[in-house]
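Residue numbers (our numbering): 69 to 223.
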């Protein structure tokens, strides 16, 4: 006499499940597929070209005190390592409107890079290979801010 685990009904169900699994694996290729190779990123300073819009906020930290800050504006990247733009900001409630700025940037083949505005603001940046958007974090001691920028125009 067969135990309940070895009854014809159970063996039939187990066999059907095994066949179904084999068919699914064969059709989808899951059992034999290797991990897909990651496409190589190919960025350069030319990846960032056109006008980008940005807005962000953060803190300016000095000792044990911190002051809130916020900023917004637009900037134009020339695809050759130069940037110029205009921004408005609030630093602990003190408002500055339409301040022009210039700077430089680099973009490496792995889509990482740097951005420097004037001589006082420095950022590490990470761009999409398309250049349609990038993120950055400020690297100056005493500053806490990070932002994402989106391309508004390509020229």
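Glycine is no exception: its CB is placed at the ideal position from the N, C-alpha and C atoms. This structure is a prediction, so every number in the text was calculated from the model and none was measured.
Query raised in the report: Could you give the distance in angstroms between the alpha-carbon of residue 121 and the alpha-carbon of residue 221?
Result: As a working mapping, residue 121 is identified with position 53 in the chain shown. As a working mapping, residue 221 is identified with position 153 in the chain shown. Cα to Cα, residue 121 sits roughly 10 Å from residue 221.
Query raised in the report: To which residues does DSSP link residue 136 through a beta bridge?
Result: Here residue 136 refers to the residue found at position 68 when the chain shown is read from its first residue. The partner list for residue 136 (beta bridge, DSSP) reads 127.
Report task. Put residue 148 into one of helix, strand or coil per three-state DSSP. Result -> Along the chain shown, one-based indexing puts residue 148 at 80. Coil.
Query raised in the report: Given a threshold of 16 other Cβ atoms within 10 Å of its Cβ, counted over all protein chains shown, does residue 166 qualify as buried or as exposed?
Result: Here the question's residue 166 lines up with position 98 in the chain shown. By the 10 Å Cβ count, residue 166 comes out exposed.
Query raised in the report: To the nearest whole angstrom, what separates the beta carbons of residue 193 and residue 202, a pair I think is in contact under 8 Å?
Result: What you label residue 193 is simply residue 125 of the chain shown in a count that begins at 1. What you label residue 202 is simply residue 134 of the chain shown in a count that begins at 1. Sure, about 5 Å apart at Cβ, within 8 Å.
Query - Proximal residues to residue 152 (C-beta, below 6 Å), its chain only, five neighbours per side dropped - result: On the chain shown, position 84 is the one that residue 152 refers to. Result list for residue 152: 144 and 170, in chain order.
**Report entry** Helix, strand or coil at residue 117 [DSSP, three-state]
**Finding:** Counted from its first residue, the chain shown places residue 117 at position 49. Three-state DSSP puts residue 117 in a strand.
Requested in this report: Could you round the C-beta distance between residue 175 and residue 115 to whole angstroms and report it? I think they count as a contact, below 8 Å.
Outcome: The sequence position of residue 175 within the chain shown is 107, counting from 1. The sequence position of residue 115 within the chain shown is 47, counting from 1. Confirmed, Cβ separation roughly 5 Å.
Requested in this report: In angstroms with no decimal places, state the Cα-to-Cα distance between residue 223 and residue 148.
Outcome: Counting from 1 along the chain shown, the entry for residue 223 is found at position 155. Counting from 1 along the chain shown, the entry for residue 148 is found at position 80. Going from the Cα of residue 223 to the Cα of residue 148 covers about 13 Å.
Requested in this report: Reducing DSSP to helix, strand and coil, say where residue 168 ends up.
Outcome: What you label residue 168 is simply residue 100 of the chain shown in a count that begins at 1. Strand.
**Report entry** Same chain, Cβ closer than 8 Å to residue 156, five either side skipped, listed in chain order
**Finding:** As a position in the chain shown, residue 156 is number 88, starting the count at 1. Correct list, in chain order: 139, 140, 141, 163, 164, 165, 166 and 167.
Report task. Under 6 Å Cβ to Cβ from residue 159, same chain only, skipping five residues before and after it: list those, please. Result -> Within the chain shown, residue 159 is the residue found at index 91, counting from 1. Within the same chain, residue 159 has close Cβ partners 137.
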